[in-house]
Amino acid sequence: MSYLLLLPELLLISLALVIVLLGLMISDRSKNLLGYLSAGGLLASIVFILAIKGEGSFFYDAFVVDPLSQIFKLIFAVVSLLAVIASVTYFKGSRNQDEYYALLLLATVGMMVVASANDLVALFVGFELASMATYVLAGFEKRNPASLEAALKYFVIGSLSSALMLFGMSLVYGITGYTSIPGIIEFFTTNPQAATGAINIVAMLFLVAGFAFKMALVPFHMWAPDTYEGSPTVVSALLAAGSKKMGFVAAFKVLVLALVAMRADIQLAFAVLAVVTMTYGNIVAISQRSIKRMLAYSSIAQAGYISLAFVAITPEMSQMAIGGGILLALGHALMKGGAFIAVAVVGYMVLSDNRNVKNTDDLEHFAGLGKRAPITAFAMLVFLLALAGIPPSAGFIGKFVIFYSITVDAVIQASGWMLFIVIVAILNSALSIYYYARVIRYMYVLPPAGERIKEPTPYVVAIVLALIGTIGIGVYPEPFIQMAMDAAKVLGV
Amino acid sequence: MSGLISLMIIIPLIGAILTFLTRTRGQARIVAILASGLSLVLSLLLFMRFDSSIPTIQFGESYVWISSLGINLKFGLDGIGLPLVLLANIIIPLTIIFAWGETKQANRFYGLILLEQVGVLGVFTSLDFFVFYIFWEVVLIPMYFLISIWGGPRKDYSAIKFFIYTHVASLVMLLAIFSLYFNALSITGTPNFDIFHLLKNYQVMDGWLIQDIITLKDAIFLALLFGFIVKMPAVPFHTWLPDAHVEAPTAGSVILAALLLKMGGYGLFRIILPILPYSDSHGILISLMAIIGVLSILYGTFLALAQRDLKKMVAYSSISHMGFVMLGAAALIPLSVSGAMYQQFSHGLITGILFMSCGVIQHSAGTRIIGDLGGIAKHMPRLTFLMLAGFLASLGLPGMSGFIAEFLVLVNSYFTLPTFVILALFGIVFTAGYHLWAMQRAVFGTYNQKLGHIHDIASYEMVSMSVLVLLVIFFGLNPGPVLNMMTTNAEQLLEFVVLRGVIT
Amino acid sequence: MFSDYAAAIVLLPVLAFVLTLFLGKKLYSGGAPLPIAAIAGSFIISLGIFFEIYPGGVVQQSWPWFANLNIGILIDPLAVVMLLMVSFVSLLIHIYAVGYMAHDPAKPRYFAETSLFTAAMLAVVLSDNILQFFIAWEIVGVCSFLLIGFWYHKPSAAAAAKKAFLVTRVGDVLFLAGIVLLYVNMSELIAGRALTPESGNFILQFKTMFEAIPYIDSGQLTLITLLFFGGAIGKSGQFPLHGWLPDAMEGPTTVSALIHAATMVTAGVYLVARTFPMFVATPDSLVHGIPDSLLVVAIVGGFTALFAATMGLVMNDIKRVLAYSTVSQLGYMMLALGTAGAVIGAKAVGISMFHLISHAFFKALLFLCAGSVIHAVGTNDIREMGGLFGKMKITAITMLIAALALAGIGIPFINIGTAGFFSKDMIIEGAFEYGEITGGWGWVFYGFAILAALLTSIYIFRLWFMTFTGKPRSERRAHESPNIMTLPLMILAVFALFFGFSQSGFYPYLETNFELMGVEIAGHEGEALHPSAIIIMLPVIVGVLGIVISYMIYHRRMLDMSKIVSSENPLYKLLINRYYEPRLSADIIGVKLTHDVAAQSGEFVDRKIIDGLVIDNIISSTLFQVGEVIRKLQTGVVQNYAAITLLGVGLLILLLKIGGM
Amino acid sequence: MADLYSYLLVAIIIFTIGSYGIITQRSGIKILMCIELLLNAANINLVAFSSFNGSATGQVFALFSIAIAAAEAAIGFAILIALFRIRDTINLDNINILRW
Amino acid sequence: MVDTVFLIISIFTIFSSIMVILSKKIVHSAVYLAGSLIGTAGLFILLKAEFVAWVQVLVYVGAVVTLILFTIMLTGKGEDEHAN
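Residue numbers (our numbering), protein chains in the order written: chain A, 2 to 494; chain B, 13 to 516; chain C, 301 to 961; chain D, 8 to 107; chain E, -15 to 68.
Next comes the structure, spelled out in structure tokens:
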């Protein structure tokens, strides 16, 4: 019960406050320093997450630290770190950097709280903390109508989902009398008949709606493409790579754990959601010309793959599937984050060519990127291939484990429809190559539209970090598989 | 001795990275040829030290990789893999020499070829299913680039079609791998992705995948088979191949046809044959394989007859020739199987000549449409000579390696699949037909003045083609060393077949 | 001593091939001396071996090759006479070619290819197993292909080369199928221990094959031999695969002489002779006492002999006439194997081979003379020739000798005559005896043979008269060919005249052939037939009759041919169009059926159905269109998004209701 | 009458009204108001359950929720105002430059 | 008694909620929202959650509704638009 375990969150909260204060004091010019400060803070918190071993629970068990929370905190911190590093260039010279970094850190803390939440109240608070911070971040380019529109849509759908989630939580609370997750589990395990009531389904589905909003599962995904496209690119990275995972960790915690009794049905719901989501994401991604939008749909599709983790039934495979889901979430954080940052580089490049370009993320700007910005292009290549699930990459390892567990589960249960789901997933995976390859073609096949540029160092650092992560997990996945499996074990399916 | 194989794989990898980093064309190709040549030397060393009288894995090496899933970097060679390793190491340096004059993004070009070598060598040597799969997939990417950067007018369509088609196949194969792995895991309790381990445990698998429709064993078998026949490719999953070939640059086509297709055949021998006797409905499955094989032979031949584009014709001829591999494998007679293996080896060499010829013609005459060519022998006597040698080899002229392979397959398959052999024989006549028809119209006859003045083959192109022609003749006259190791393994493979009474 | 170097018979020309190919340009006359020396070497070694093993010796050498197959050398009487003939004729033709090809820029290629051809042909002859035989046989075919297409820039030559290869390929595939079947039978016999070949003998060796004959299922044996014969039909231009041979005349005349008269086309006959014990051993299910396969051989051979002769009558291309003549004569050889084989067993091989060799001499001579004429006048069309006798005496006389030999002119009873007289006489006699034995329809072969002999005589003298006599029909200047060309003519003429006298030694020598390999061939011994004088005279009579007819029509012009030689005459039309065979094989089978119907329908399936319908339409387009449609759901209006979100919740509830709650 | 279910019914009715409003209304402000209604409905639930279950957790939860809802409203209206400044409208039907 | 009060308050709350949507003028909507929220506070009191009720009134009615009115004022064209 060492409070040291809370150090990552505490550090970030205090840093956020410090940054706000500093922002009031220092001149606009030196606000760039705040970015480095935040990066340092995030780095430190990553170190703490990795270094401080141990488990514990705090605040009347509302807040736990365990392998599950740690790996997700790691994901959130890493994504934020990438976003922060990239923001150093993206928001260079902006007067509002202090607020930006503070909000970003708070959003990170919110996500971390969700990762650690062991109580619906904490979960809700964490969710809202992260959401509200990201609403603002999404609309951070106040002069840009797209950014504000993105924020508005994000906000409206987000609030709706929050309300749905809250309503669901209230029902769960009403049924079980508990808000703490262990309490809810206990109630359901001791009263299995209570778990099968119709009201239960409604409650669950409202919860699912809330989580699925963050996960951007179809049909709760509507905001995602618009928001990812309109938001500042670095924020899109944060949203797609980071806050999306918040939905997953919440879903893992609540749905997997709390609803043991009704898992068979939730499983079907998630199977349908997963299949529809990945298919929808992939099919619509094909026709996109905006890379950010394409990445958004790809992100939706990836969410579909990750949510296959809920489909497995047999305990052994279920645990493995969740491990795989976590692994893929980790991989996705890196690849998607990296990809968005690469898009940011292209945006930077396009604007330095011509100030007046509107759609900086249009596919055409990627033409000849391999020549214009070789590091970015190569990294983007790796990210895209990883997203497509080509080995050896983080994207492959995650998919490998998930597909493995679902296949085996299908085999164990001799379940035709599960096999069907796996096959659909596989076809989807192949289909996705189509639009990833198109970007690759633009980058490497088409002639460049301009001179070679010097890629700003912060971007390069962020991209290379993501790149190392993406390949590293693919090449040496052992420790990450361990972490993910440990985390899955916490759920004790 | 141990470590040679991984060294052989790593050298081209390092070479590839270095090649990407080089600045000039000259540096790039020197580095590339050195790296691939060094790999060739190593494989020759392996070849010489190989004991072809024993069917077991030799030069085995193993390193722990992902211990929690039981994945090891396990490499080794036997009579199935070594000839193909040799083939890969022959083809790649020759391709690099052939493409000595490449000017467009030369460093990337050579680098990708080296990466292709890495992938292919990995596939042929890895004994861990996971590692096998990774290399299997890795091969796709350089080829995608080779097609889509250096390809022809419809390169985008072709490259993506190639990628998606073969990727789907690999993913389906992956499902089968999952099931095999899980099966072995639940039987032995220890996670292990070793290929032989998984295949051995296939024997004691049972249950239905879908009740009363398909058993688990059969489903796994079919999924694996699907993965391989798309790669080979066999009818009806072949349509990616002509498109890919037509658009690919010559070097890409050569590698694609000579090496990538061989991965499918390799899978048949390494993975399909050991489990075939244990599958639940092996009778039907054998017939299925034979039907696919013969269908490929005949269909490929007929389509080759219909082609106007020389390269497309050659592409279809590949389909037809790979049909022999399938047929030989399905026959389950030691010599038919080793004949099929030999067909792989031999076709790799021959198809290299054919695609190189197409490349030279395209390069010199600016077109590959048979009807637009004509009489180019007049200006390209050296090419004509080499091309003719290649075409003759391809149509199965005795004295060249293709004949040995096809003869062994036909003769030995007759024991178990007489009808199919008779059908395949029909294909042979037409095979000669399209080859000669193309030669007659494209190369011989009156010179088409519209072509203007065309140059004969460049010296570096001639070097690599000549080497291939010599090798084709060499292996046509002296199949012994390579064939013996194949036969040793084929006999071992089929011991189980006989034991299980699949065939008499 | 010579037999130790048996392999050199093949290897010397191979070496010459390689050297000529790469160094030919820099050497005298395109490197011609190299192959000439090499083939001379082969000839000398062959001759040496002949003397070493004569009589009753065999050279056999064998090395394992791969699997249970071997490569080896078998020089028995059958092989050695072939060896001598092939190397000798090849040598002469090579010498002749130095003159004939003097002005061709591609001489090195020519000599390289002919040298390779000779090597392959010699390899065919001395193979000790059927697979090696087949391999060499195929390489021979390739050389033929290359040499027919030697002037590849002529579209007709390129087409002829292709046709030659393809048509013979049909036969070759049958041959291959025969080998496959044989192999299967052999290995089953060995596996079943019915057959235990001597140690060191390999599965496809002729020796082992012959040992196996009694054990092979008789139906299978018939099938195997017929498949072999299929190969022979292709190679030897027998009906119905005869069409390529006249077309093959597109090659240089020397090639026609060497390949399409003397050597390669006889390989089919040689194949039947080689595997004769198997043919003889086939059951007599169709006609009592006549092995089925031999019956087929006889029918095909006899029919071809006549059939080809009819076309020879009307051809105007000097080489075409000779080509049809070759087809016809090959038919005779087959007929000999088929009829005499059934009657007198192994002796038939001798009869056939004797005609084969004498034919090689006089037909090569005919071609070389034709070459000389063509060389002189620059055209192939005999209608444009005439009156050349005075200008080209050597050619004219040697050709006359050859024509006489072809017509089989000689004096019966005292046994004086041209080579063809002796050889053809025996065949016709064989056919007669066949008729005697079988009676009834069996006489048809005799009829074929006699009728063909008459036609032979007519067409060859038509040729000779039109070429050398009468008035010149064109303004071309002709002159005698150089010595290097006339010398081989004269040597061959000597052989065409006097080879026949070697028959007394030849028949007994070859008769022993299969006994040396321990194979007994039953014949109808003891029934010595004594054909009446008229029967013995008849071949010569029809021969002379033919000459007279030709003399009347083509020299004396006693008959107005214009009525007959017109497109109004359906018979003439049929013949001049070669029974419409080229159209059938090229247009209908080659283009319409295979290319247009089969290939295009395959293409249709591939492009339109698999690719077009399934991949492009169903999968790609549908997906893309669906994508286009459902992306429109993303209206951009946030209220709609909210609606869909809420709808989603509703749908999920419904789903769970359905899903079993 | 005034049992748990009555309260739940009221909550559900309000929730439905709010949902309906979000879907149908055009004005951004009204949509935000509807969101408040939704949260409010959830709060009714929480408090009602808390009261009938006899545990205070629900009320605590409701307090959190109220506070959060207020903060959220502040952010929402801020975004609306910012949007109004550059787009000159708060009619959400017109805010659709991002689509498809 | 409690029932009657409950009935009155809930009807008032629901009516206000409906009027939030139905009012033509956006300011009226805001007022109705305040009513609805106050009604909810009444329900809270009935549920014996007085503290929550007070917080509800203070935070919602005091802060949020004020905020709404403020926004309406700043985006002055809002009402006209609705009239269209």
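Virtual Cβ for every residue (Gly too), placed ideally from N, Cα, C.
Min CB distance residue i to chain E below 8 Å
i	result
Y12(D)	no
L87(D)	yes
F113(D)	Shown here, chain D extends from 8 to 107; a query on residue 113(D) therefore has no answer.
Boundaries of the beta strand (DSSP E) in which residue i is found, first to last residue
i	result
P364(C)	V359 to P364
G231(A)	Unbroken run through G231(A) is the alpha helix (DSSP H), W224 to G231; no beta strand (DSSP E).
I103(B)	Careful: I103(B) lies outside any beta strand (DSSP E), inside the alpha helix (DSSP H) at G93 to F110.
F87(B)	I83 to L89
Backbone CA spacing between residue i and residue j [nearest angstrom]
i	j	result
V938(C)	I301(A)	18 Å
G279(B)	L323(C)	46 Å
F208(B)	G408(B)	35 Å
F748(C)	I841(C)	15 Å
S39(A)	G936(C)	35 Å
S28(A)	L22(A)	12 Å
P346(B)	L495(B)	11 Å
Within-8 Å CB hit, residue i to chain D
i	result
T24(E)	yes
G24(A)	no
T59(E)	yes
Test: residue i CB closer than 8 Å to a CB of chain A
i	result
W252(B)	no
M961(C)	Any reading at M961(C) must be qualified, since the residue scores a pLDDT of 46, below 50, and its modelled position is unreliable; the value itself is stated next. So, interface residue.
Beta carbon proximity, residue i to chain B, threshold 8 Å
i	result
Y483(C)	yes
I482(A)	yes
C-beta neighbour in chain C for residue i, strict 8 Å
i	result
G411(B)	yes
Run of the alpha helix (DSSP H) containing residue i, from where it starts to where it stops
i	result
Y75(B)	Where Y75(B) is concerned, there is no enclosing alpha helix (DSSP H), although the beta strand (DSSP E) it sits in stretches over Q70 to I78.
L446(C)	I430 to I448
W418(A)	G417 to Y445
I222(B)	Not the alpha helix (DSSP H): I222(B) falls in the beta strand (DSSP E), residues W220 to I222.
heavy atom of the ligand HEM below 7 Å from residue i C-beta
i	result
G638(C)	Looking for the ligand HEM in the displayed structure turns up nothing, as the structure carries no ligands at all.
Is the number of C-beta pairs between the stretch 414 to 425 of chain B and the stretch 350 to 369 of chain B that are closer than 8 Å three or more? Yes, the stretch 414 to 425 of chain B is in contact with the stretch 350 to 369 of chain B.
Residue ranges of each beta strand (DSSP E) within the stretch 721 to 777 of chain C, 3 or longer: Those beta strand (DSSP E) runs which fall completely within the stretch 721 to 777 of chain C and span 3+ residues do not exist here.
Spell out a yes or no on whether the stretch 590 to 609 of chain C and the stretch 630 to 645 of chain C are touching, meaning 3 or more CB-CB pairs, one atom from each, closer than 8 Å. A contact between stretches requires three or more CB pairs, one per stretch, nearer than 8 Å, and the stretch 590 to 609 of chain C meets this requirement with the stretch 630 to 645 of chain C.
Pick out the complete alpha helix (DSSP H) segments inside the stretch 15 to 85 of chain A, 4 residues or longer, and give them in chain order. You should have 33 to 52.
Inter-stretch contact at 8 Å, needing at least 3 Cβ pairs: the stretch 54 to 70 of chain D / the stretch 25 to 35 of chain E: Taking 8 Å as the limit for Cβ pairs, the verdict is that the stretch 25 to 35 of chain E does touch the stretch 54 to 70 of chain D.
Scan the stretch 345 to 416 of chain A and note each continuous beta strand (DSSP E) run of 3 residues or more that stays entirely inside, going in chain order. With a minimum length of 3 residues, no continuous beta strand (DSSP E) run stays inside the stretch 345 to 416 of chain A.
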